[in-house]
Amino acid sequence: MNIRKIAVYTLVASMSLAAFTGCKKEEETTETSLEPTVTTTVPETTETTPETSTFVTYTAAEYRDAGVNELNSVPILMYHRVYGMKNSETEYTGGNVDKDGYNRTSEAFEADLRSYYEMGYRMMRLTDYVDGYIDVPFGYSPVILTFDDGIRDVVLEGWNADGSPIFDPTCAIGILEKIKAEYPDYNVTATFFLNSGLFGNGEENDRKVLKWMVDNGYDIGNHTWDHVKLGDCSADEIEKQVGKMYQKLEEIIPGQYVNIVALPFGSPENVSSDNPQYSTIFTGTYDGFSYTTKASLLCAWTRSYSPFVREYNANAIRRIRGYDHNGTECDIEMNFKELNDGRRYISDGDPNTIVFPSSDNKSGDWLKTTYGHQVITYD
Ligand SMILES: [Zn+2]
């Protein structure tokens with residue numbers, strides 16, 4: 000067993016804790032025997048200890064005060080097009096641009112991003128979540144952004160002399176870049192799921208845009224070649240729809256896209272890599288090009304499970320539709336209200352540990368996958 004050395008600092012990270020909870024540490028206190036225990040389990044692993052293996056751990060009281068719980072849920076937002084509009088310019092509820100709220104006004108989208116930040120959420124990459132690597136500061140919660148279809152997400156207005164793109168400031172990436180400049184600690188990032196037409200700025204422009212995006216903190220995923228319902232396709236057709244899209248991404252940004260498929264229309268709903276009809280979503284070969292898919296995303300209604308728990312299924316990751324419905328029908332407001340009401344994943348600040356109250360795994364089988372991380376429980 001590879002025992003990792005654990006450094007215990009009772010108050011080192013109290014600044015971020017104070018920032019989040021608004022509480023103030025008066026002075027250093029020594030632990031008393033009345034303090035409930037923190038239990039550490041180091042799983043057996045053949046991994047070598049990372050060079051910087053100084054884990055900062057906290058007392059049970061500090062975990063409790065910050066509500067640290069890494070078995071709780073993560074919001075993965077599903078957006079589509081962002082239009083340069085005020086909410087008052089649409090005929091629909093809130094920031095919805097269409098009846099069902101698949102498309103969003105730029106005013107609402109920007110407000111969404113500010114609101115997640117203010118509620119104590121910090122962005123992280125979807126691909127890291129799928130790998131069980133959640134790197135968010137102590138006391139904060141992860142939020143993950145996804146965009147399907149590519150249209151109106153990246154609207155190119157031209158190129159600067161230095162080769163960098165000029166974006167329409169009201170499209171999704173225009174607003175993301177604005178927020179990135181304003182909140183350096185927000186870790187602005189998102190995954191864009193594309194079809195063969197990419198972002199619609201013309202093939203030559205979009206190839207350059209894709210390279211810029213992966214070099215600037217954004218991820219690109221697969222939304223099938225023709226945006227088809229894979230649930231209605233034969234295994235061969237799925238292989239073409241998924242494989243041809245990966246092949247195109249590999250040609251433009253070799254090795255820099257993510258092997259994740261956002262299922263168009265959330266189809267098939269009961270996706271499983273064991274089902275022979277759907278297995279080609281996950282592994283296949285198209286035109287001599289072999290691919291694998293490590294996760295697939297459903298359409299949206301609710302928060303996603305922590306990647307560490309029993310119910311988590313990497314092939315059927317749930318998302319929240321980025322729309323308004325007066326706090327009902329699983330809209331953004333309703334989902335965040337539920338999350339903030341004791342359901343949200345709150346980080347201990349260390350991506351290599353899984354920390355949660357021992358009462359949350361009473362059955363002993365709710366924590367399912369540790370990804371080789373150290374497990375810490377507190378009472
Ligand atoms: Zn789509």
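According to numbering that gives the first Met the number 0, the sequence shown is numbered sequentially starting from 0.
Cβ atoms here follow ideal geometry from the backbone N, Cα and C, with glycine treated the same way.
If you're wondering where the values come from, they're calculated on a predicted model, not measured in any experiment.
Where does residue 80 fall in DSSP's three states?
Position 81 of the sequence shown holds residue 80. Reduced to three states, the DSSP call for residue 80 is coil.
The alpha helix (DSSP H) spanning residue 295 covers which residue range?
Taking the sequence shown and counting its residues from 1, one reaches residue 295 at position 296. Per DSSP, residue 295 belongs to no alpha helix (DSSP H); it is in the beta strand (DSSP E), 294-299.
Using the beta carbon as the reference atom, which residues fall closer than 6 Å to any heavy atom of ligand 1, ordered along the chain?
147, 148, 222, 226, 263
So, for residue 73: in the same chain, excluding its five sequence neighbours on each side, which residues have a beta-carbon less than 6 Å away from its beta-carbon?
Within the sequence shown, the letter at position 74 stands for residue 73. Excluding residues within five positions, the ones whose Cβ falls inside 6 Å are 141, 303, 344.
Span of the alpha helix (DSSP H), counted from its first residue to its last, around residue 125:
Translated into the one-based positions of the sequence shown, residue 125 becomes position 126. Element bounds for residue 125: 125-129.
Apart from the five residues just before and just after residue 204, which ones in its own chain have a Cβ nearer than 6 Å to its Cβ?
Counting from 1 along the sequence shown, the entry for residue 204 is found at position 205. 155.
Close beta carbons around residue 231, own chain, < 8 Å, minus the five adjacent residues each side
One-based indexing of the sequence shown puts residue 231 at position 232. Excluding sequence neighbours, residue 231 sits near 266.
Can you tell which of 173, 96, 69 has the C-alpha that lies nearest to the C-alpha of residue 342?
Counting from one through the sequence shown, the residue named residue 342 turns up at place 343. Of the candidates 173, 96, 69, the one whose C-alpha sits nearest the C-alpha of residue 342 is 69.
First and last residue of the beta strand (DSSP E) that includes residue 147?
Here the question's residue 147 lines up with position 148 in the sequence shown. Per DSSP, residue 147 belongs to the beta strand (DSSP E) from 140-147.
Please classify residue 299 as buried or exposed, where buried requires at least 16 other C-beta atoms within 10 Å of its C-beta.
Position 300 of the sequence shown, counting from 1, holds the residue named residue 299. Buried, because 16 or more other Cβ atoms sit within 10 Å of the Cβ of residue 299.
Hey, could you find the ends of the beta strand (DSSP E) residue 276 is sitting in?
The residue given as residue 276 occupies position 277 in the sequence shown. From DSSP, residue 276 is part of no beta strand (DSSP E); its letter is neither H nor E.
Could you spell out the range, first to last residue, of the beta strand (DSSP E) harbouring residue 283?
Translated into the one-based positions of the sequence shown, residue 283 becomes position 284. That run of the beta strand (DSSP E) goes 282-285.
Of all the options 332, 375, 224, which has the alpha carbon lying nearest to the alpha carbon of residue 196?
Position 197 of the sequence shown holds residue 196. Checking every option, the nearest Cα to that of residue 196 belongs to 224.
Cα-Cα separation between residue 339 and residue 163, rounded to whole angstroms:
Reading the sequence shown from its first residue, position 340 is the one you call residue 339. Reading the sequence shown from its first residue, position 164 is the one you call residue 163. If I take the Cα positions, the gap works out to 39 Å.
Starting from residue 340, trace the beta strand (DSSP E) both ways and give me its first and last residue.
Stepping through the sequence shown from its first residue, residue 340 is reached at position 341. Per DSSP, residue 340 belongs to no beta strand (DSSP E) and is neither H nor E.
Is residue 366 helix, strand or coil by DSSP?
Position 367 of the sequence shown, counting from 1, holds the residue named residue 366. Residue 366: strand per DSSP, three-state reduction.
I'd like the list of long-range same chain contacts for residue 311, defined as Cβ closer than 6 Å, with 5 residues on each side in sequence excluded.
Taking the first residue of the sequence shown as position 1, residue 311 is located at position 312. Here the set comprises 304.
For residue 280 and residue 75, the rounded distance between their alpha carbons:
Counting from 1 along the sequence shown, the entry for residue 75 is found at position 76. Counting from 1 along the sequence shown, the entry for residue 280 is found at position 281. The alpha-carbon atoms of residue 75 and residue 280 are separated by roughly 21 Å.
Unbroken alpha helix (DSSP H) run spanning residue 242, endpoints:
What you label residue 242 is simply residue 243 of the sequence shown in a count that begins at 1. Looking at the DSSP string, the run of the alpha helix (DSSP H) that includes residue 242 is 234-251.
Counting along the chain, where does the beta strand (DSSP E) carrying residue 221 start and finish?
Taking the first residue of the sequence shown as 1, we reach residue 221 at position 222. 218-221 is the extent of the beta strand (DSSP E) around residue 221.
Could you give the distance in angstroms between the alpha-carbon of residue 372 and the alpha-carbon of residue 348?
The residue labelled residue 372 in the question sits at position 373 within the sequence shown. The residue labelled residue 348 in the question sits at position 349 within the sequence shown. Using only the alpha carbons, I get a separation of about 13 Å.
Inter-residue Cα distance where the pair is residue 62 and residue 56:
As a position in the sequence shown, residue 62 is number 63, starting the count at 1. As a position in the sequence shown, residue 56 is number 57, starting the count at 1. The straight-line gap from Cα to Cα measures roughly 9 Å.
For residue 28 and residue 58, I'd like the C-alpha separation in whole angstroms.
Start at 1 with the first residue of the sequence shown, and residue 28 comes out as number 29. Start at 1 with the first residue of the sequence shown, and residue 58 comes out as number 59. Residue placement at residue 28 is poorly supported in this model, since its pLDDT is 37, which falls under 50; the coordinates are not used for a value here.
Going by C-alpha distance, which of 318, 301, 258, 262 is nearest residue 291?
Translated into positions along the sequence shown, residue 291 becomes position 292. Nearest of 318, 301, 258, 262 to residue 291, Cα basis: 258.
Counting along the chain, where does the alpha helix (DSSP H) carrying residue 156 start and finish?
Working through the sequence shown from its first residue, we reach residue 156 at position 157. Element bounds for residue 156: not the alpha helix (DSSP H) but the beta strand (DSSP E), 155-158.
Going by other Cβ atoms of all chains shown within 10 Å of its Cβ, with 16 needed for buried, is residue 190 buried or exposed?
Within the sequence shown, residue 190 is the residue found at index 191, counting from 1. Classification for residue 190: buried.
Which residue's Cα is closest to the Cα of residue 131: 308, 326, 221?
Here residue 131 corresponds to residue number 132 of the sequence shown, with the count starting at 1. That would be 308, whose Cα lies nearest to the Cα of residue 131.
Does the Cβ of residue 108 lie closer than 7 Å to at least one heavy atom of ligand 2?
Here the bound small molecules are ligand 1; ligand 2 is not part of this structure.
Can you say whether residue 85 is buried or exposed, counting buried as having 16 or more other CB atoms within 10 angstroms of its CB?
Residue numbering aside, residue 85 sits at position 86 when the sequence shown is read from its first letter. By the 10 Å Cβ count, residue 85 comes out exposed.
Taking the alpha carbon of residue 269 as the reference point, which residue from 252, 242, 316 has its own alpha carbon closest?
Taking the sequence shown and counting its residues from 1, the one referred to as residue 269 is at position 270. Answer by Cα proximity: 316.
Give me the Cα-Cα distance between residue 105 and residue 183, rounded to the nearest whole angstrom.
For the purposes of this step, residue 105 is identified with residue 106 of the sequence shown, where counting begins at 1. For the purposes of this step, residue 183 is identified with residue 184 of the sequence shown, where counting begins at 1. Taking the straight line joining both Cα atoms gives about 21 Å.
Using the Cβ count rule (16 or more neighbours within 10 Å means buried), how would you classify residue 254?
By one-based count along the sequence shown, residue 254 stands at place 255. Looking at its Cβ environment, which holds fewer than 16 other Cβ atoms inside 10 Å, residue 254 is exposed.
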